[in-house]
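Down below is the structure, laid out as structure tokens.
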Amino acid sequence: MKHAGVHHVSLNVDDTQKVAEFYVDVLGMKEISRPDFGFPGTWLQCGPQEVHLLQVDDHQAPQGQHFALRVEDIDGAREELIGRGIDVSPINEIPPIARQCFLRDPAGNIVELNQAYPK
């Protein structure tokens, strides 16, 4: 099978409006048009990819499952989030690959911030 990369990541959440506000207002994504599938959800543009939020009754965030956002300045991004009251893990160093830290969205899903080491 040949593919051209990841189109979107889908996340189950307990409240699409609350979680979408976090991804837009805090993480800088942009809400985009979503067809009416008969259940609540929100689509977000994240660079060339998309994040799809699907409202699920009794949502429980999965253990360890996450997706990563590429950032240019992880120190600055982390400090900005902490300044907004977001709990962000310390930065982990994974030489020579990347620096990373983690946070949770309002539904408890894990989001990684990832800054690649220069090549």
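Under the working numbering, the sequence shown is numbered contiguously, ending at residue 126. In this text, a Cβ means the ideal position worked out from N, Cα and C, and glycines have one as well.
Straight-line Cα distance separating residue j from residue i
i, j, result
"Q70", "D22", "19 Å"
"I101", "D43", "42 Å"
"R85", "V33", "12 Å"
"M36", "G54", "8 Å"
"P97", "F109", "8 Å"
"A68", "L60", "13 Å"
"K25", "P113", "7 Å"
"E119", "H10", "24 Å"
"G83", "Q62", "31 Å"
"I89", "M8", "42 Å"
"V13", "G92", "31 Å"
Beta-carbon proximity of residue i to residue j, cut-off 9 Å
i, j, result
"N116", "Q107", "no"
"H66", "V20", "yes"
"L18", "E38", "no"
"I104", "A75", "no"
Where the beta strand (DSSP E) through residue i begins and ends
i, result
"I101", "99 to 101"
"V58", "56 to 62"
"Q52", "48 to 53"
"Q72", "Q72 -> no beta strand (DSSP E), and no H or E assigned at all."
For residue j and residue i, believed in contact at Cβ under 8 Å, the rounded distance
i, j, result
"H15", "Q56", "6 Å"
Boundaries (first-last residue) of the alpha helix (DSSP H) holding residue i
i, result
"I89", "81 to 90"
"K25", "23 to 28"
Cβ-heavy atom distance, residue i to the ligand FAD, below 8 Å
i, result
"Q67", "Absence of the ligand FAD from the depicted structure is noted, as is the absence of any ligand whatsoever, leaving it without description."
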